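Asker: The structure is given below, and queries will be raised subsequently.
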Amino acid sequence: MKPGSIAIVGAAETTEMGRIPDLSVLQLHADAGLNALADAGLTPGDIDGVATAGESPTTLAWYLGITPEWVDGTTVGGCSFMLHVRHAAAAIESGLCRTVLITHGESGRSRVGAARRAPQPASLPGQFELPYGPVGPTTLFTLPVLRYMKDTGLSEEKLANVAVVQREWASRNPRASYRDPITVDDVLSSRMIAWPFRKLMCCLVTDGGGALILTAADRARDFPRPPVYLLGTGESVETPMVSQMEDLTRSKAFRVSGSRAFAEAGIRHDDVDHLMIYDAFAHLPLYGLEDLGFVGRGEAGDFIWERNTAEGGRLPVNTNGGGLSYMHSGMYGMYALQESVRQVRGIAPAQVPGVEISVSHGVGGMFGASGTIVMGRDAP
Amino acid sequence: MTEARRPLPQATPETAHFWAGAREGELRLQRCDDCGHVYFPPRPFCPSCGSRSVRVFAASGRATLHSYVINHRPAPGFEAPYAIAVVELAEGPRMMTNIVDCPQTPEALVLDMALEVVFTPAGEDLCLPHFRPVDAEGKESRS
Ligand SMILES: [Zn+2]
Chain R
1 MKPGSIAIVG AAETTEMGRI PDLSVLQLHA DAGLNALADA GLTPGDIDGV
51 ATAGESPTTL AWYLGITPEW VDGTTVGGCS FMLHVRHAAA AIESGLCRTV
101 LITHGESGRS RVGAARRAPQ PASLPGQFEL PYGPVGPTTL FTLPVLRYMK
151 DTGLSEEKLA NVAVVQREWA SRNPRASYRD PITVDDVLSS RMIAWPFRKL
201 MCCLVTDGGG ALILTAADRA RDFPRPPVYL LGTGESVETP MVSQMEDLTR
251 SKAFRVSGSR AFAEAGIRHD DVDHLMIYDA FAHLPLYGLE DLGFVGRGEA
301 GDFIWERNTA EGGRLPVNTN GGGLSYMHSG MYGMYALQES VRQVRGIAPA
351 QVPGVEISVS HGVGGMFGAS GTIVMGRDAP
Chain W
381 MTEARRPLPQ ATPETAHFWA GAREGELRLQ RCDDCGHVYF PPRPFCPSCG
431 SRSVRVFAAS GRATLHSYVI NHRPAPGFEA PYAIAVVELA EGPRMMTNIV
481 DCPQTPEALV LDMALEVVFT PAGEDLCLPH FRPVDAEGKE SRS
């Protein structure tokens, strides 16, 4: 993709956020999609490309009354929407379609119309991980952290502090699920989930959705909102089993995806005004900061401790409060993208002054996949 | 939770030798004839070079504790708190497992401690590879 050739011209989350017992998964997709269409001043008939995960693109297109000429159902976990953005940009640039709608909806908490995920005993994780008692992300995503702590010297206090700083951001976001300030002691004395992880180091489980609309930059000025340009994109996958990561202290998928996005955008790290790192658990921003190259090996805990990612810091991170305090439906990547769009548009609840470049970095599975999107206020 | 059973693996043709080995008290890995790469989980080709010329061999069973969490929430077939671990085998590959014959505490579970494989019956015709600490002289610990 040529940097600045594609733009986001519509972006919205579901009307409600948090606990939405009166909407099914499919309707959460539709609610977000209709809100994004309204944001862009479009109707479903204007859309000729659809991408989604967690719901089939067939169902989504039919439900919204869209007849697409381009479809993407890439499903690699919570960062699937970053990959959809990347794929949509390539499709628009090559002329496969003109206007793409990407939707996410998930009834993570209320489980209305949600598919039941049954692990297959003959799958690789079914044979080589599940017999040892993991109970989902709280015991799988967290598994690498003791190795990281021993190798880098990260303390439990500095791990806990990630949640503290993000709660500060959430306190400024009226839609955030948790807004009351917390301390490192609060985090360390919250209920033990999977040592060393306490409850406040783990993401929320909520209901919600979000949607984006992309089109070519030469059309982007015709829409009601200021365009948010795509400057660079990246994606990769590593492994379906966290136990098989090449290195438990670094994500290969993060490094491949991130370096590709930065190279395409032609930016340096100090060009970035705002950063979103998918935070299903408190260690994710640490891995993200290091694997994206913002800080050196083992420096991320101190970087956050020294308030570089907090309000007034030189690199504000997860300004919506993140998965730890804002919301986490299960596939959080869409909310990271939404916050990057808001920050570049200048309309975020906790707005960082003068954001020209925002990076949105997502994870899928348990360090299994990754997608990175660099957005800009101006086309180069 | 006492009646609920832990999820058990179901072998595929590509992994059957591993589970047969576990039943017979052998931890079976694979080595590439062409590039020498030793790998896990099983597959009938080398994930490093793509060669189909690979062979199964019995690993030493020695390993070190690479990382873990101690789960405090209920899980079918387990009594919380219990550790879920990743061990690094002497031959190189890592695998998920449980650590047995050892208190499930941060004090007892020390990263990089020496471990050895044991095979725990877990249902009809099935044994799971677990690991237990070895003492400083490398002798088997009392179980
Ligand atoms: Zn080979």
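Residue numbers (the numbering used here), protein chains in the order written: chain R, 1 to 380; chain W, 381 to 523.
For each residue, glycine too, the CB sits at the ideal point set by N, CA and C.
Everything numeric in this text was worked out from a predicted model, so none of it was measured.
1. Check the Cβ of Val237 (chain R) against every Cβ in chain W and list those closer than 9 Å, keeping chain order.
2. Judging by CA-CA distance, which residue of W:Ser447, W:Val497, W:Glu504 is the nearest neighbour of Thr249 (chain R)?
3. What are the partner residues of Cys482 (chain W), as DSSP defines its beta bridges?
4. Any beta carbon from chain R within less than 8 Å of Cys493 (chain W)'s own beta carbon?
5. Examine ligand 1 and report whether any of its heavy atoms sits within less than 7 Å of the Cβ of Ser428 (chain W).
6. Leaving out the 5 sequence neighbours to the left and right, which residues in its chain are closer than 6 Å to Met82 (chain R) when beta-carbon positions are compared?
7. What is the DSSP secondary structure of Asp515 (chain W), counted as helix, strand or coil?
8. To the nearest angstrom, report how far apart Pro134 (chain R) and Gly401 (chain W) are at their CA atoms.
9. Could you tell me the distance, in whole angstroms, from the CA atom of Ser523 (chain W) to the CA atom of Thr500 (chain W)?
10. Assuming Ile277 (chain R) is part of the beta strand (DSSP E), what are its boundary residues?
11. Find the residues of chain W that neighbour Gly126 (chain R), judging by a C-beta separation of less than 8 Å, and give them in chain order.
12. Would Glu157 (chain R) and Ala310 (chain R) be called neighbours here (beta carbons separated by less than 8 Å)?
13. Give a yes or no on whether the C-beta atoms belonging to Phe420 (chain W) and Met493 (chain W) are separated by under 8 Å.
14. Using three-state DSSP, classify Val498 (chain W) as helix, strand or coil.
15. Classify Thr183 (chain R): buried if its beta carbon has 16 or more other beta carbons within 10 angstroms, exposed otherwise.
16. For Glu520 (chain W), which residues in the same chain have their Cβ closer than 6 Å to its Cβ, ignoring the five residues on either side in sequence?
17. Using only the alpha-carbon positions, how far apart do Leu64 (chain R) and Ser189 (chain R) sit?
18. Using a C-beta to C-beta distance shorter than 8 Å, which residues of chain R count as neighbours of Thr395 (chain W)?
19. Relative to the C-alpha of Leu204 (chain R), which candidate in R:Val352, R:Ala36, R:Tyr326, R:Ile92 has its C-alpha closest?
20. Under 8 Å Cβ to Cβ from Gln127 (chain R), same chain only, skipping five residues before and after it: list those, please.
21. Drop a sphere of 10 angstroms on the beta-carbon of Gly518 (chain W), count the other beta-carbons inside from all chains shown, and report buried for 16 or more, exposed for fewer.
22. Could you give the uninterrupted runs of the alpha helix (DSSP H) lying entirely in the stretch 127-162 of chain R, keeping only those of 4 residues or more?
23. Beta-carbon separation of Ala51 (chain R) and Ile102 (chain R) under 8 Å?
24. Between Met17 (chain R) and Gly354 (chain R), what straight-line distance do the alpha-carbon atoms span, to the nearest angstrom?
25. Quick one: Cα of Pro424 (chain W) to Cα of Val497 (chain W), how far?
26. With 8 Å set as the bound, which would you pick, yes or no: does the beta-carbon of Phe197 (chain R) sit closer than that to a beta-carbon of chain W?
27. Determine, using beta carbons only, whether His417 (chain W) and Ser433 (chain W) come nearer to each other than 8 Å.
28. So Ala217 (chain R) and Tyr229 (chain R) are in contact, right, with Cβ under 8 Å, and what is the actual spacing, rounded?
29. Just to check, is the beta-carbon of Ser431 (chain W) closer than 7 Å to a non-hydrogen atom of ligand 1?
30. Buried or exposed for Thr382 (chain W), please, with buried defined as at least 16 other CB atoms from any protein chain shown within 10 angstroms of its CB.
31. At the 8 Å Cβ level, is Thr382 (chain W) part of the contact set with chain R, yes or no?
32. My output table needs one value for Asp72 (chain R): the three-state DSSP class, helix, strand or coil.
33. Within 8 Å of any Cβ in chain R, is that where the Cβ of Thr444 (chain W) sits?
34. Nearest chain R C-beta to Cys507 (chain W) closer than 8 Å, yes or no?
35. If distances are taken between C-alpha atoms only, which option among R:Ser257, R:Arg221, R:Pro226, R:Arg225 comes closest to Val237 (chain R)?
36. I'd like to know whether the C-beta atoms of Pro57 (chain R) and Gly73 (chain R) end up nearer to each other than 8 Å.
Answerer: Taking the definition as stated:
1. The residue given as residue 237 (chain R) occupies position 237 in the first sequence. Near Val237 (chain R) there are no residues of chain W at all, since even the closest Cβ is about 14 Å away, more than 9 Å.
2. Position 249 of the first sequence holds residue 249 (chain R). Here the closest residue by C-alpha is W:Ser447.
3. Residue mapping note: residue 482 (chain W) aligns to position 102 of the second sequence, counting from 1. For Cys482 (chain W), which the question treats as bridged, DSSP gives no partner whatsoever.
4. Position 113 of the second sequence, counted from the first residue, corresponds to residue 493 (chain W). In the sequence under discussion, the amino acid at residue 493 (chain W) is Met, which differs from the Cys named in the question. Taking Cβ atoms only, chain R never reaches closer than 8 Å to Met493 (chain W), which makes this a no.
5. Here residue 428 (chain W) refers to the residue found at position 48 when the second sequence is read from its first residue. Result yes, Cβ under 7 Å from ligand 1.
6. For the purposes of this step, residue 82 (chain R) is taken as residue 82 along the first sequence, with counting starting at 1. The residues are Gly333, Gly362, Gly371, Ile373.
7. The count along the second sequence starts at 1 and reaches residue 515 (chain W) at position 135. DSSP places Asp515 (chain W) in coil when its eight states are reduced to three.
8. The sequence position of residue 134 (chain R) within the first sequence is 134, counting from 1. The sequence position of residue 401 (chain W) within the second sequence is 21, counting from 1. In a straight line, the C-alpha of Pro134 (chain R) is about 24 Å away from that of Gly401 (chain W).
9. As a first step, residue 523 (chain W) must be located in the second sequence, where it is residue number 143. As a first step, residue 500 (chain W) must be located in the second sequence, where it is residue number 120. Because the pLDDT at Ser523 (chain W) is just 40, under 50, the model does not fix this residue reliably, and the value given afterwards should be weighed accordingly. Going from the Cα of Ser523 (chain W) to the Cα of Thr500 (chain W) covers about 12 Å.
10. Working through the first sequence from its first residue, we reach residue 277 (chain R) at position 277. It spans 274-277 - the beta strand (DSSP E) in which Ile277 (chain R) sits, taken as one unbroken run.
11. Position 126 of the first sequence, counted from the start, is the residue given in the question as residue 126 (chain R). Here the neighbours are Pro387, Pro389, Gln390.
12. By 1-based counting over the first sequence, the position of residue 157 (chain R) is 157. By 1-based counting over the first sequence, the position of residue 310 (chain R) is 310. Not in contact: Glu157 (chain R) and Ala310 (chain R) (Cβ atoms no closer than 8 Å).
13. Counting from one through the second sequence, the residue named residue 420 (chain W) turns up at place 40. Counting from one through the second sequence, the residue named residue 493 (chain W) turns up at place 113. No; because the gap between Cβ atoms is not below 8 Å, this pair is not in contact.
14. The sequence position of residue 498 (chain W) within the second sequence is 118, counting from 1. If DSSP states are grouped into helix, strand and coil, Val498 (chain W) belongs with the strands.
15. Translated into positions along the first sequence, residue 183 (chain R) becomes position 183. That one is exposed.
16. Position 140 of the second sequence, counted from the start, is the residue given in the question as residue 520 (chain W). Reliability fails at Glu520 (chain W), whose pLDDT of 49 lies under 50, so the model's placement of it is uncertain and no value is given.
17. One-based indexing of the first sequence puts residue 64 (chain R) at position 64. One-based indexing of the first sequence puts residue 189 (chain R) at position 189. Answer to the nearest angstrom: the Cα atoms are 46 Å apart.
18. On the second sequence, position 15 is the one that residue 395 (chain W) refers to. Correct list: Gln127.
19. The sequence position of residue 204 (chain R) within the first sequence is 204, counting from 1. Leu204 (chain R) has its Cα closest to that of R:Tyr326, out of R:Val352, R:Ala36, R:Tyr326, R:Ile92.
20. As a first step, residue 127 (chain R) must be located in the first sequence, where it is residue number 127. Same-chain partners within the cutoff: Pro121.
21. In the second sequence, counting from the first residue as 1, residue 518 (chain W) sits at position 138. Low confidence applies here, because Gly518 (chain W) scores a pLDDT of 49, under 50, leaving its location unreliable and the question unanswered by this model.
22. 137-140, 145-152
23. For the purposes of this step, residue 51 (chain R) is taken as residue 51 along the first sequence, with counting starting at 1. For the purposes of this step, residue 102 (chain R) is taken as residue 102 along the first sequence, with counting starting at 1. Contact flag set, yes.
24. To locate residue 17 (chain R), count along the first sequence from 1; it is residue 17. To locate residue 354 (chain R), count along the first sequence from 1; it is residue 354. Met17 (chain R) and Gly354 (chain R): Cα-Cα distance of roughly 27 Å.
25. One-based indexing of the second sequence puts residue 424 (chain W) at position 44. One-based indexing of the second sequence puts residue 497 (chain W) at position 117. Each residue's Cα considered, the two are about 24 Å apart.
26. If you number the first sequence from 1, residue 197 (chain R) lands on position 197. Chain W contact via Cβ: present.
27. Counting from 1 along the second sequence, the entry for residue 417 (chain W) is found at position 37. Counting from 1 along the second sequence, the entry for residue 433 (chain W) is found at position 53. No, they are not a contact pair.
28. In the first sequence, the residue the question calls residue 217 (chain R) occupies position 217. In the first sequence, the residue the question calls residue 229 (chain R) occupies position 229. Ala217 (chain R) to Tyr229 (chain R), Cβ: 6 Å. Contact.
29. In the second sequence, residue 431 (chain W) corresponds to position 51, counting from 1. Yes, ligand 1 has a heavy atom inside 7 Å of this Cβ.
30. Against the second sequence, residue 382 (chain W) aligns to sequence position 2. Residue confidence for Thr382 (chain W) is low, a pLDDT of 44 falling below 50, so the modelled location carries little weight and cannot support an answer.
31. Walking along the second sequence from the start, residue 382 (chain W) turns up at place 2. The predicted position of Thr382 (chain W) is uncertain, since its pLDDT is 44 and thus under 50; no value can be drawn from it.
32. To locate residue 72 (chain R), count along the first sequence from 1; it is residue 72. Looking at Asp72 (chain R) - three-state DSSP - the assignment turns out to be strand.
33. Walking along the second sequence from the start, residue 444 (chain W) turns up at place 64. For Thr444 (chain W), the answer is no, since every Cβ of chain R falls outside 8 Å of its Cβ.
34. As a first step, residue 507 (chain W) is located in the second sequence; it is residue number 127 there, counting from the start. With a threshold of 8 Å between beta carbons, Cys507 (chain W) makes no contact with chain R.
35. In the first sequence, counting from the first residue as 1, residue 237 (chain R) sits at position 237. If we check each option's Cα against that of Val237 (chain R), R:Ser257 comes out closest.
36. By one-based count along the first sequence, residue 57 (chain R) stands at place 57. By one-based count along the first sequence, residue 73 (chain R) stands at place 73. Remark: C-beta atoms of Pro57 (chain R) and Gly73 (chain R) approach each other more closely than 8 Å.
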